[in-house]
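As they're listed, the protein sequences go chains L and R. Once you know that position 244 of the first sequence is 244 in my numbering, the rest is easy, because the numbers rise by one and skip nothing. Just remember that my numbering sits 329 ahead of the position in the second sequence, which is counted from 1.
2 protein chains.
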Amino acid sequence: MKDMSEKPLLIVGEDLCQQLVGRSDAFDAVQDVFAAMARGDAYNFPVIREAIGYADALYGFKSGFDRAGQVLGVKSGGYWPGNLDKGLTNHQSTVFLFDPDTGRLSALVGGNYLTAVRTAASSAVSIAHLARKDSKVLGMVGAGHQSAFQLRAAAEQRDFEKVVAWNPHPEMLPRLGEVAKEIGLDFEAVSQEELGAQADVIITITSAFEPLLMKDWIKPGTHLACMGTDTVGKQEVDAALVASATVYTDEVAQSITLGEAQHAIANGSLTEDQITPIGAVINGDHSGRASADEITLFDGTGVGLQDLAVASVAARLADEAGLAQRAAL
Amino acid sequence: MKDMSEKPLLIVGEDLCQQLVGRSDAFDAVQDVFAAMARGDAYNFPVIREAIGYADALYGFKSGFDRAGQVLGVKSGGYWPGNLDKGLTNHQSTVFLFDPDTGRLSALVGGNYLTAVRTAASSAVSIAHLARKDSKVLGMVGAGHQSAFQLRAAAEQRDFEKVVAWNPHPEMLPRLGEVAKEIGLDFEAVSQEELGAQADVIITITSAFEPLLMKDWIKPGTHLACMGTDTVGKQEVDAALVASATVYTDEVAQSITLGEAQHAIANGSLTEDQITPIGAVINGDHSGRASADEITLFDGTGVGLQDLAVASVAARLADEAGLAQRAAL
Numbered sequence: 001m002k003d004m005s006e007k008p009l010l011i012v013g014e015d016l017c018q019q020l021v022g023r024s025d026a027f028d029a030v031q032d033v034f035a036a037m038a039r040g041d042a043y044n045f046p047v048i049r050e051a052i053g054y055a056d057a058l059y060g061f062k063s064g065f066d067r068a069g070q071v072l073g074v075k076s077g078g079y080w081p082g083n084l085d086k087g088l089t090n091h092q093s094t095v096f097l098f099d100p101d102t103g104r105l106s107a108l109v110g111g112n113y114l115t116a117v118r119t120a121a122s123s124a125v126s127i128a129h130l131a132r133k134d135s136k137v138l139g140m141v142g143a144g145h146q147s148a149f150q151l152r153a154a155a156e157q158r159d160f161e162k163v164v165a166w167n168p169h170p171e172m173l174p175r176l177g178e179v180a181k182e183i184g185l186d187f188e189a190v191s192q193e194e195l196g197a198q199a200d201v202i203i204t205i206t207s208a209f210e211p212l213l214m215k216d217w218i219k220p221g222t223h224l225a226c227m228g229t230d231t232v233g234k235q236e237v238d239a240a241l242v243a244s245a246t247v248y249t250d251e252v253a254q255s256i257t258l259g260e261a262q263h264a265i266a267n268g269s270l271t272e273d274q275i276t277p278i279g280a281v282i283n284g285d286h287s288g289r290a291s292a293d294e295i296t297l298f299d300g301t302g303v304g305l306q307d308l309a310v311a312s313v314a315a316r317l318a319d320e321a322g323l324a325q326r327a328a329l
Numbered sequence: 330m331k332d333m334s335e336k337p338l339l340i341v342g343e344d345l346c347q348q349l350v351g352r353s354d355a356f357d358a359v360q361d362v363f364a365a366m367a368r369g370d371a372y373n374f375p376v377i378r379e380a381i382g383y384a385d386a387l388y389g390f391k392s393g394f395d396r397a398g399q400v401l402g403v404k405s406g407g408y409w410p411g412n413l414d415k416g417l418t419n420h421q422s423t424v425f426l427f428d429p430d431t432g433r434l435s436a437l438v439g440g441n442y443l444t445a446v447r448t449a450a451s452s453a454v455s456i457a458h459l460a461r462k463d464s465k466v467l468g469m470v471g472a473g474h475q476s477a478f479q480l481r482a483a484a485e486q487r488d489f490e491k492v493v494a495w496n497p498h499p500e501m502l503p504r505l506g507e508v509a510k511e512i513g514l515d516f517e518a519v520s521q522e523e524l525g526a527q528a529d530v531i532i533t534i535t536s537a538f539e540p541l542l543m544k545d546w547i548k549p550g551t552h553l554a555c556m557g558t559d560t561v562g563k564q565e566v567d568a569a570l571v572a573s574a575t576v577y578t579d580e581v582a583q584s585i586t587l588g589e590a591q592h593a594i595a596n597g598s599l600t601e602d603q604i605t606p607i608g609a610v611i612n613g614d615h616s617g618r619a620s621a622d623e624i625t626l627f628d629g630t631g632v633g634l635q636d637l638a639v640a641s642v643a644a645r646l647a648d649e650a651g652l653a654q655r656a657a658l
């Protein structure tokens, strides 16, 4: 039973992921897997999420299979709130990839950096396909760890001139301002209302449990990418805004249960069949934005296949560059 | 964020598992985790199992957390029917262990050998706690890959003198006979009725979808360990036998839905509250066998915590012996 045992297990650490996987790699990988999902060539397995009753940790798995890309695997990980005091990040993720032809473990990939990159790629894909071409002002709601990744990826999709930003903790905004300056964009800390009045594209990336943007503050033609809501009870924007927008998502099943659309679905102002998988737009099966005045909203819930897609890129690039550690099982 | 990065990831391959993890290690680990489950100190997360629509593969995850043993992790793997032609085993398993204090991946352990060992340990634990002390004849139903592991582990629990065996494919029995001889036991290939008439302890380890042993063939005082049924629709023994026996299991939730008890539950001849977790006997909260005439039946469904328990032993022993490969994520 040893014939294929020379095929080594690739191990790709966090540093190597950061070195090798760029924003355009992540964009392409996430765009492709969203398209495969909408065609029925890729699907996510049920998500496992458990409060383990120890160390206040939330732990679980996201997994799936992309037949088109030949990517099979699982991202394991969770949230350990005490980690920062130990010099570790609170979110810990690892991706395991398997050979779809044999079931053998093929790669082990650090998932912390990749999680940020794939989430940013998701909103960037939505901007590429749904935002007005003449969008000039990018609005950022949220200024945490992920916001800089979001800003960098979004900035590459349109000829933005300016970033307007709001965060529940305003003292965190200057760090995001530094990122904006670094990529040559003006930066202004504004009120929530002012953000809505100025922005052509808005990304929300918070852990909020109440609406931070109301329907009346948003101007016609805006594209919103709501990236923070991934749990029952979380909410970033007014349910009336969601109901009045044309809604797209990564996975409809998650959008209606634990994504930003959950509240509009729950109060009956939005129905499941009004939500379009972004992959349908990528595939050309849905025409996307209908007019310059339409408000489009992307409900980015985050699916395991995104993680597997970017991890697969990391493994391939590390293998090609001869930089992956190798082990045998 | 590097303070703890010197703590390496341990990689323990199949060969090392075979070299280091003995039957008594597996017995102790499985006995301890069954006890922890019954006390509420350990629990299994929901099982993911998917027919992925490619290579006829069944793929999935079993996971859980043992707070008492401080073991957190997931066994991934599945069944790839085309592997034998490629020189690989059809069942492919890998276990991933995480540090419960931080969520970091701590060990990667080959799961193929360990799956056989932990399944054998499970029936052995049931024999140790439920079979009559004066049991002399061991009955084996099944002669596949797992049967030799089952026989070796069971033989250590009682002073058996003889093995009687039956298999749907009788040509496979001589190989099991060699194992019996190796450990000093007489071996006889018999009919199913004769097996029931002679055996004091019976292990069933097949992939059957219909009863192989009927109630009337089993003599009073027998202990049965039904180890093959792990899926809806599978069945190894007569539902009337299950209903008339005193039933124990590893996990009640699995026993009633996909274990051997599913059929007696479905026809109403057994109720959930009549099934006792074997851990309750191990802990002394249930007195176990009530008389020399009682028929006891252990429904071994197989839980993720068993895999994590033996993998944790493998990682510890490999680390102590300085034999584990090490990597950094």
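Think of the CB as a built atom: it goes at the ideal place given N, C-alpha and C, for glycine as much as any other residue.
Note to self: Within 10 Å of its beta-carbon, does Val310 of chain L have 16 or more other beta-carbons around it, so buried, or fewer, so exposed?
What the structure shows: buried
Next item on the list: Please classify Lys215 of chain L: does DSSP put it in a helix, a strand, or coil?
Entry: helix
Notebook entry, point to check: Looking only at DSSP bridge pairs, what is Leu224 of chain L linked to?
Noted result: L:Ile202 and L:Leu297
Next item on the list: With a 10 Å radius around its C-beta and 16 neighbouring C-beta atoms as the bar for buried, classify Ala318 of chain L as buried or exposed.
Entry: buried
Item checked: 9 Å Cβ cutoff met for Thr115 of chain L and Lys75 of chain L -> yes
Next item on the list: Keeping to the same chain, check which residues put their C-beta closer than 7 Å to that of Val362 of chain R; ignore five residues upstream and five downstream.
Entry: Ala371, Asp395, Gly398, Leu634, Gln635 and Ala638
Next item on the list: Could you name each continuous beta strand (DSSP E) segment of 3 residues or more that falls completely within the stretch 560-626 of chain R, going from the start of the chain to the end?
Entry: 564-566, 575-578 and 604-606
Note to self: Which residues does DSSP list as the beta-bridge partners of Gln325 of chain L?
What the structure shows: L:Ile11
Next item on the list: Quick one: list the residues of chain L neighbouring Ser659 of chain R, beta-carbon separation under 9 Å, in chain order.
Entry: Nothing can be reported for residue 659 of chain R: it is not among the residues displayed for chain R, which extend from 330 to 658.
Notebook entry, point to check: What does a CB cutoff of less than 6 Å around Ala569 of chain R pick up in its chain, not counting 5 residues either side in sequence?
Noted result: Lys544
Next item on the list: Kindly list, in the order they appear in chain R, the residues whose Cβ is closer than 7 Å to that of Pro220 of chain L.
Entry: Within 7 Å Cβ-Cβ: nothing; Pro220 of chain L doesn't reach chain R, min ~43 Å.
Margin query: Our contact map puts Val438 of chain R next to Cys346 of chain R with C-beta atoms below 8 Å; I'd like the distance itself, whole angstroms only.
Written below: The beta-carbon distance between Val438 of chain R and Cys346 of chain R, rounded to whole angstroms, is 7 Å. This is short enough to meet the 8 Å contact definition.
Margin query: Quick check on His608 of chain R - is its C-beta less than 9 Å from some C-beta in chain L?
Written below: The identity of residue 608 of chain R in the sequence shown is Gly, whereas the question assumes His. No, Gly608 of chain R lies away from the interface with chain L (no Cβ there is under 9 Å from its Cβ).
Notebook entry, point to check: Does the beta carbon of Thr94 of chain L come closer than 9 Å to any beta carbon on chain R?
Noted result: yes
Item checked: Residue(s) in a DSSP beta bridge with Ser93 of chain L -> L:Gly77
Check: What does Arg67 of chain L touch in chain R if you count any residue whose Cβ is under 9 Å from its own?
Finding: Ile381, Gly382 and Tyr383
Note to self: Since His420 of chain R and Asn441 of chain R should fall inside the 8 Å C-beta cutoff, what is the C-beta to C-beta distance between them, to a whole number of angstroms?
What the structure shows: 6 Å
Item checked: Check whether Val141 of chain L and Thr229 of chain L have beta carbons under 9 Å apart -> no
Next item on the list: Give the DSSP-derived three-state secondary structure of Ala165 of chain L in the structure shown.
Entry: strand
Check: Buried or exposed: Asp56 of chain L, going by 16 or more other Cβ atoms within 10 Å of its Cβ?
Finding: exposed
Item checked: Ala484 of chain R to Ser353 of chain R span [Cα, whole Å] -> Cα to Cα, Ala484 of chain R sits roughly 12 Å from Ser353 of chain R.
Note to self: For a contact defined as C-beta to C-beta under 9 Å, what are the partners of Asp614 of chain R on chain L?
What the structure shows: Going along chain L, no residue has its Cβ under 9 Å from Asp614 of chain R, so there is no contact; the nearest lies around 21 Å.
Checklist line | Beta-carbon separation (whole angstroms), Ile607 of chain R vs Val454 of chain R, contact threshold 8 Å | finding: Correct: roughly 7 Å between the Cβ atoms.
Checklist line | Pairwise C-alpha distance: Asp250 of chain L and Asp299 of chain L | finding: In a straight line, the C-alpha of Asp299 of chain L is about 7 Å away from that of Asp250 of chain L.
Check: Within the 9 Å Cβ cut-off, does Asp101 of chain L reach chain R?
Finding: Answer yes: the Cβ-Cβ gap between Asp101 of chain L and chain R drops below 9 Å somewhere.
Item checked: Interface residues of chain R facing Leu80 of chain L [CB-CB closer than 7 Å] -> Just to set this straight, residue 80 of chain L is Trp in the shown sequence, not Leu. Under the 7 Å cutoff, chain R gives Thr431 and Gly432.
Notebook entry, point to check: How long is the line joining the alpha carbons of Pro540 of chain R and Val561 of chain R, rounded to whole angstroms?
Noted result: 14 Å
Check: Taking the beta strand (DSSP E) that Tyr388 of chain R falls in, what are its first and last residues?
Finding: Taken as a continuous stretch (DSSP letters only), the beta strand (DSSP E) holding Tyr388 of chain R covers Leu387 to Asp395.
Notebook entry, point to check: So Glu236 of chain L and Glu260 of chain L are in contact, right, with Cβ under 8 Å, and what is the actual spacing, rounded?
Noted result: That pair is a contact at about 6 Å.
Notebook entry, point to check: Name the chain R residues that come within less than 8 Å of Glu14 of chain L, Cβ to Cβ?
Noted result: Leu658
Notebook entry, point to check: Going by the CB atoms, is the gap between Asn83 of chain L and Gly62 of chain L shorter than 9 Å?
Noted result: Gly is not the amino acid found at residue 62 of chain L; the sequence shown has Lys there. It is not a contact, given that the beta carbons lie outside the stated cut-off.
Notebook entry, point to check: Can you check whether the CB of Asn167 of chain L is closer than 9 Å to the CB of Ser147 of chain L?
Noted result: Contact: yes.
Margin query: Contact defined as beta carbons within less than 8 Å: I believe Val659 of chain R pairs with Tyr577 of chain R. What is the distance between those atoms, to the nearest angstrom?
Written below: Chain R is shown only over 330 to 658; residue 659 of chain R falls outside these bounds and no answer can be derived.
Note to self: Please report whether the beta-carbon of Gln325 of chain L lies at a distance below 9 Å from any beta-carbon of chain R.
What the structure shows: yes
Note to self: Going by C-alpha to C-alpha distance, which of L:Ser106, L:Leu213 and L:Thr94 sits closest to Arg139 of chain L?
What the structure shows: The identity of residue 139 of chain L in the sequence shown is Gly, whereas the question assumes Arg. Minimum Cα distance to Gly139 of chain L is reached at L:Leu213.
Next item on the list: Express the C-alpha separation of Leu105 of chain L and Lys2 of chain L in angstroms, rounding to a whole number.
Entry: Annotation note: pLDDT 41 at Lys2 of chain L (below 50); position unreliable, no value reported.
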